[in-house]
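There are 2 protein chains.
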Amino acid sequence: MVQAENPVNTVEVCFSPVLFPEILTHGDFIVVLVDILRATTSICTAFENGVRSIIPVATLEEAKAWKDRGYLVASEQDGKKLDFADFGNSAFSFSRDRVEGKTLVYCTTNGTRALEVAKGSNPVVIGSFLNLDALASWLTGQNRNTVILCSGWKNKFCLEDSLFAGALTLRLLETGKFETACDSARASIDLWKVAGTDLMGYLEKASHRQRLRRLKLDDVIPYTFTTGITAKVPVFNGREIVAEQTKKSE
Amino acid sequence: MVQAENPVNTVEVCFSPVLFPEILTHGDFIVVLVDILRATTSICTAFENGVRSIIPVATLEEAKAWKDRGYLVASEQDGKKLDFADFGNSAFSFSRDRVEGKTLVYCTTNGTRALEVAKGSNPVVIGSFLNLDALASWLTGQNRNTVILCSGWKNKFCLEDSLFAGALTLRLLETGKFETACDSARASIDLWKVAGTDLMGYLEKASHRQRLRRLKLDDVIPYTFTTGITAKVPVFNGREIVAEQTKKSE
Chain A
0 MVQAENPVNT VEVCFSPVLF PEILTHGDFI VVLVDILRAT TSICTAFENG VRSIIPVATL
60 EEAKAWKDRG YLVASEQDGK KLDFADFGNS AFSFSRDRVE GKTLVYCTTN GTRALEVAKG
120 SNPVVIGSFL NLDALASWLT GQNRNTVILC SGWKNKFCLE DSLFAGALTL RLLETGKFET
180 ACDSARASID LWKVAGTDLM GYLEKASHRQ RLRRLKLDDV IPYTFTTGIT AKVPVFNGRE
240 IVAEQTKKSE
Chain B
0 MVQAENPVNT VEVCFSPVLF PEILTHGDFI VVLVDILRAT TSICTAFENG VRSIIPVATL
60 EEAKAWKDRG YLVASEQDGK KLDFADFGNS AFSFSRDRVE GKTLVYCTTN GTRALEVAKG
120 SNPVVIGSFL NLDALASWLT GQNRNTVILC SGWKNKFCLE DSLFAGALTL RLLETGKFET
180 ACDSARASID LWKVAGTDLM GYLEKASHRQ RLRRLKLDDV IPYTFTTGIT AKVPVFNGRE
240 IVAEQTKKSE
């Protein structure tokens, strides 16, 4: 347990949306929403490529209704793009020529469902390896307790989200401005350290990595685990996601 | 992912009772119930010391009702023995002179609640470090899929149960008669390997270990993490827990 001399803010990790009601952090806190494969990685990509805003929706019916109203829609089920949609959830499809200046509607198997659980009185920000550096610095500047919410895979614990939770928790603890008494946070850090410098090798253990390989959707994997791609921190304002620019990129 | 040449049985790890409805293992399987600190450790101790059977109950009201009917009752809340009870949940209190040949009623914060979740059509057995060797050998002999259910702490992921899950999963995979495609199982094994030979040192990270220290209930910690204490595998038959003797101790 980190014992800061002047205890500051706490960081807690939640391994599944199903576990979110059980978190120990109360009162005012920020939720970092994580769905590394692939929603939050794709959302960070879209903002880096100039998307104006993203409207997350929880159901396919809502996604279709937005499509009928003329919006660009990203929607997938079990990793595959749905026929009516303009985008699946591969980060590579959110290129600048397709998204710059536009508003997208986004519906995914896991990620937006987790957002439904997290949204409420607390602000929700979008985390991925792409914006890890910027996010750590932004969170440190907020001076509030933080809960990292892993979307998991169909509500189950998943390795890739947990590795990210470990990487982010470690960054936050290293600032000396956060502390944790959360076993999930401790476990995440250890898994992140086990993965070490061979993240791609470690990911071979991840069931979702194998699933994407079978679906031939794994071209985006190395990019997904690259840090420093964007300095934008997407923030959900209750209706849509918009990007906050961190100092680094101003 | 382990790819046995002749795929045999699966092993899956569930980090919290709340996640149990999300498991991927279907059909016929055995549940290994784990609450290292402290219910399942104490139950294994009681059987090693000759208890005849243990009746698990979910609520304090039930526990009191059994007490009024003259039964010996173990009951605790947040680690502390309740006034009306004969035992708390320290393994050391279940000594041979107090339990041999008797039937106990058992109610704990976490462990029996997890049992409520797990019981149904599937058999439930009790796991702890004390019977790890016997349990691994018994499970291997069953030739059925296995789900290791961690009780956690107040439904949250906890390190001590996950370490046990890792130790048991590793034993099962090493027989070549099990395989897994479960990220929680992979993570558990890695945490178990990180803890390595300094399990006591690693446990300093565990929030429940710190909680027991504050309550001065941590005298039982080194014993709790000792393997090979008993060859008995407690099995829940739908009404009570009784011990199956494994070959090693016959």
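Chains A and B are the protein sequences, given in the same order.
For the record, in the first sequence the residue sitting at position 191 is 190 according to numbering that gives the first Met the number 0, with numbers rising by one throughout.
For the record, in the second sequence the residue sitting at position 88 is 87 according to numbering that gives the first Met the number 0, with numbers rising by one throughout.
Glycine is no exception: its CB is placed at the ideal position from the N, C-alpha and C atoms.
Quick caveat, the model's predicted, so the values are computed rather than measured.
- A Cβ of chain A is located within less than 8 Å of the beta carbon of B:V193.
- For the pair B:L71 and B:T102, the Cα-to-Cα distance works out to about 7 Å.
- Looking at the backbone, the Cα of B:I53 and that of B:Y105 are separated by about 7 Å.
- DSSP places A:P55 inside the beta strand (DSSP E), whose first and last residues are S52 to P55.
- Excluding sequence positions up to five before and after A:F235, its CB lies within less than 6 Å of the CB of V123, all in the same chain and listed in chain order.
- Around the Cβ of A:H25, a 10 Å sphere holds fewer than 16 other Cβ atoms; the residue is exposed.
- Residues of the region 90–116 of chain B whose Cβ lies closer than 7 Å to any Cβ of chain A: none.
- For B:R170, the nearest beta carbon of chain A is not closer than 8 Å to its own beta carbon.
- In the three-state reduction of the DSSP assignment, A:G126 falls in the strand class.
- Among the residues of chain B, those whose CB is under 7 Å from the CB of A:V17 are V17, L18 and E21, following chain order.
- Sequence-ordered contacts of the region 173–194 of chain A with chain B read A180, C181, D182, S183, R185, A186, D189, L190, K192 and V193 [C-beta pairs closer than 8 Å].
- By alpha-carbon distance to B:A194, the top candidate from B:S206, B:E159 and B:R212 is B:E159.
- Contact of B:K80 with chain A is not assigned, every C-beta pair being separated by 8 Å or more.
- By the Cβ rule, the region 176–196 of chain A does not count as touching the region 60–80 of chain A, because fewer than three pairs are nearer than 8 Å.
- Using a C-beta cut-off of 8 Å, the region 165–182 of chain B makes contact with the region 124–133 of chain B, since at least three inter-stretch Cβ pairs fall below that distance.
- In the DSSP annotation of this structure, B:L81 is not part of any beta strand (DSSP E), being labelled neither H nor E.
- Around the Cβ of B:N142, a 10 Å sphere holds fewer than 16 other Cβ atoms; the residue is exposed.
- Chain-order list of chain B residues neighbouring A:L158: D182, R185 and A186, by C-beta distance under 7 Å.
- Contact annotation, B:I42 with B:T223: C-beta distance approximately 12 Å; criterion of less than 8 Å not satisfied.
- Straight across, the Cα-Cα distance linking A:Q76 with A:R112 is about 12 Å.
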